[in-house]
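My numbering puts the first residue of the sequence shown at 6, with every later residue one more than the last. By construction, the Cβ of each residue, glycine as well, lies at the ideal position given by its N, Cα and C atoms. What follows is a single structure, written as structure tokens, with notes after it.
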Amino acid sequence: MHILECKDLRKEYYSGENIVSAVDGITAAFEKGSFTAVIGPSGSGKSTFLHLLSGLENPNGGEVYYDGKPLSGYNDNQLSILRRRRFGFVFQAYNLVQELTGYENILLPIMLDRKHKDEAYLKKLIEVLEIEDRLHHLPSAMSGGQQQRIAIARALANKPAILFADEPTGNLDGKSGREVLSLLQLVNREFGITLVLVTHDLSVAEHSQRIIRIEDGKITSDSLPV
């Protein structure tokens, strides 16, 4: 079952007097519960592709479908709610609120959505990510790897259907990067969350079930069996 799909997706930017096609007619579909890595060199359009799939940016052409419904059918408020409730985001920069503890950062999406927290789910999430000893620390008292674990927990707090990760290991040393990658794989398996991860690092991508390579805004290879 396709939880996410795009057809003839396009995004263009002006660079001086030139038009740059960051995403140039991409069509792809993602199965529920799958783990896909999107790779490509710097400037290939892979991050723009992720932003279009997740509704962070609007395309110039084509369409993105979540659960069979086109994102273009949502107004700005509805799209914001969809992203908050059904999509989770992990970026290279951890984007934690420095004045809040780890646990308060995790609860932030739930508080913004004015929902009741699911204590049992949060407890399991915290155990899986092994962050019990950092819940009451401020981000400044955490290592990069610990901050990224908190960021992953925050992204998952609202029980999203899809987790979008843009270079999640980019700011980490090798050991921390491998640990975070293993945790993302575990979250994908344990919670059945669809994972779409952008990376320039083939060694990171090789942990996924499927690798899509993008160059010059186009898919040049897709490891998904036909």
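Of all C-beta pairs linking the region 119-132 to the region 7-20, fewer than three are shorter than 8 Å, placing the two stretches out of contact. Taking 3 residues as the minimum length, the beta strand (DSSP E) runs contained wholly in the region 118-205 are 167-171, 199-204, in order along the chain.
For D227, DSSP records a beta bridge to I217. Excluding sequence positions up to five before and after D72, its CB lies within less than 7 Å of the CB of I8, all in the same chain and listed in chain order. Counting the other Cβ atoms within 10 Å of the Cβ of D118 gives fewer than 16, which makes it exposed. In chain order, E10 place their CB closer than 6 Å to the CB of Y70, counting only its own chain and leaving out the 5 sequence neighbours on each side. T174 and D206 have their alpha carbons spaced roughly 9 Å apart. Taking 9 Å as the cut-off, the beta carbon of R215 is found no closer than this to the beta carbon of S26. DSSP places L112 within a helical segment (H, G or I) once states are collapsed to three. Counting along the chain, the unbroken alpha helix (DSSP H) around S85 starts and ends at 81-91.
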